[in-house]
Ligand code: CP3
């Protein structure tokens with residue numbers, strides 16, 4: 006892969022992370038060992054996270070570069086994982102653009118004004134173009150600074166940048182808060198297709214700006230979290246959402262970094278998700294990696310998919326499950342071990358560390 010479009014001091018361009026196990030596996034090359042990291046590894050279950058977060062809100066801490074860098078590094082130090090996932094949130098690009106949003110502890114993103122009409126979409130802040138010096142571009146500076154501080158300390162361990170997929174962002178914005186079935190968003194896409202299209206266009210540009218800022222500042226791969234896409238039929242996903250995901254991922258395609266596309270509960274969407282501009286696919290715990298690889302014709306390195314609930318199982322049960330994930334993952338052209346969804350808040354850090362050791366011993 007050529008990284009000519011990246012700044013000369015980027016860790017892929019200097020070679021620091023180019024042959025890391027993560028990047029090699031994501032490019033379908035043979036890695037030195039099976040790489041492993043965990044979605045939502047930063048924060049949540051770590052006592053050192055709860056300590057440094059004392060006295061700041063979630064979104065404040067995302068915009069404090071030294072703090073965001075420290076939280077990103079905590080799980081890398083403790084677990085010895087093969088990648089850092091940037092500590093931030095899917096609503097950060099919306100917040101820096103000026104959208105009224107906060108993260109309510111124990112709830113998730115809550116918006117001041119849910120989006121329902123074209124007037125609501127028209128009232129969203131203008132986003133500009135990457136690097137154009139516009140208000141939003143400048144407001145992303147704390148993100149760039151946090152990424153720079155993080156990669157300087159990560160050395161040869163790659164940092165994964167991320168964004169929420171346009172559908173997942175739009176689902177929150179239409180509902181105004183977390184929901185179980187995303188009914189308001191799924192209704193809007195059929196009742197007011199023009200409003201939906203305009204909103205997804207906006208969220209895909211916001212996600213693209215966020216991804217591009219992270220990559221140019223030093224991230225060696227990206228992941229698009231389409232957390233709620235599994236609530237869609239394949240036809241609805243293809244017609245109403247895949248284009249937005251493609252636009253977001255294409256915002257970094259010229260930079261040459263691997264692009265992971267993850268959705269939960271989306272075994273039925275793996276093929277269209279691959280077609281939406283991904284170079285690797287994240288698979289949740291409900292679909293075996295061997296089955297997932299067959300579903301996409303063996304064309305994509307896969308990431309996943311330890312069942313998060315197994316972290317609570319007896320050692321022998323957990324060990325057998327991890328071995329099964331490793332065996333099935335071997336059938337893909339590349340395999341990055343991960344959980345099949347985010348780390349549970351109450352996960353035992355010692356168990357998580359044991360999983361990393363197990364993968365490194367056997368993978
Ligand atoms: O993976 C990581 O550890 C890196 C950071 C990260 C966070 N959120 C930090 C966070 C990432 C990659 C995310 C992504 C994210 N945020 C997603 C997609 C992943 C998924 O789980 O499907 C979604 C849907 C969100 C929106 C969101 N933000 C939710 C649902 C919540 C949980 C609310 C709660 O308190 O239970 C958040 C808050 C959040 N984001 C926390 C963290 C560490 C917890 C806030 C806290 O510690 O106060």
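Residue numbers (the working numbering): 6 to 368.
The beta-carbon is built from N, C-alpha and C at its ideal position, and this holds for glycine as well.
In the DSSP annotation of this structure, the continuous segment of the beta strand (DSSP E) that includes residue 164 starts and ends at 164 to 169.
Excluding sequence positions up to five before and after residue 218, its CB lies within less than 7 Å of the CB of 145, 148 and 149, all in the same chain and listed in chain order.
In terms of Cα proximity to residue 173, the closest of 309, 253 and 305 is 253. Bridge pairing for residue 172: absent [DSSP]. Residue 193 counts as buried, since at least 16 other C-beta atoms from the protein chains shown sit within 10 angstroms of its C-beta. The beta carbon of residue 156 lies closer than 7 Å to those of 16, 164 and 223 in the same chain, with the five residues before and after it left out. Note on the stretch 124 to 202: whole alpha helix (DSSP H) runs with a minimum of 4 residues are 140 to 144, 146 to 159, 171 to 180 and 188 to 196, in chain order. For residue 308, the enclosing beta strand (DSSP E) stretches over residues 307 to 311. By the CB criterion at 8 Å, residue 104 and residue 75 fall outside the cutoff. The distance from the Cβ of residue 11 to that of residue 21 is about 12 Å, inconsistent with a contact at the 8 Å cut-off. Here residue 289 is buried, its C-beta having at least 16 other C-beta atoms within 10 Å. Our two residues, residue 46 and residue 81, have alpha carbons roughly 9 Å apart in a direct line. By DSSP's assignment, residue 340 forms a beta bridge with 307. For residue 38, the closest alpha carbon among the candidates 109, 268 and 342 is that of 342. Within the same chain, Cβ atoms closer than 6 Å to the Cβ of residue 208 are found at 171, 174 and 175, the five residues on either side in sequence being excluded. In this structure, residue 47 has its beta carbon less than 7 Å from a heavy atom of the ligand CP3. The beta carbon of residue 201 sits closer than 7 Å to the beta carbons of 193, 194 and 245 from its chain, once the five residues preceding and following it are set aside; these are given in chain order.
Distance from the CA atom of residue 348 to the CA atom of residue 120, rounded to whole angstroms, is 30 Å. With three or more CB-CB distances shorter than 8 Å, the stretch 292 to 307 counts as touching the stretch 330 to 338. When DSSP reads this structure, residue 116 sits in a beta bridge with 106. Secondary structure of residue 227 (DSSP, three-state): strand.
Annotation: residue 72 to residue 133 spans about 28 Å, alpha carbon to alpha carbon.
In terms of Cβ geometry, residue 313 and residue 345 form a close pair [threshold 8 Å].
Membership of residue 367 in the alpha helix (DSSP H) is indicated by the continuous run 354 to 367. Residues 31, 263, 264, 265, 266, 305, 306, 307, 308, 339 and 341 of the same chain have their beta carbon placed closer than 8 Å to that of residue 285, with the five preceding and five following residues left out of the count. Fully enclosed alpha helix (DSSP H) runs of no fewer than 4 residues occupy 239 to 245, 247 to 255 and 275 to 280 of the stretch 224 to 289, in order along the chain. DSSP, reduced to helix, strand and coil, places residue 76 within a helical segment of the structure shown. Check the Cα spacing between residue 70 and each of 49, 59 and 92: the tightest is with 92.
In the DSSP annotation of this structure, the continuous segment of the alpha helix (DSSP H) that includes residue 329 starts and ends at 320 to 334. Under the three-state reduction of DSSP, residue 81 is assigned to helix. Relative to the ligand CP3, residue 265 has its C-beta separated by 7 Å or more from all heavy atoms.
Residue 89 is bridged by DSSP to 164. Note on geometry: alpha-carbon atoms of residue 98 and residue 221 lie some 16 Å from one another.
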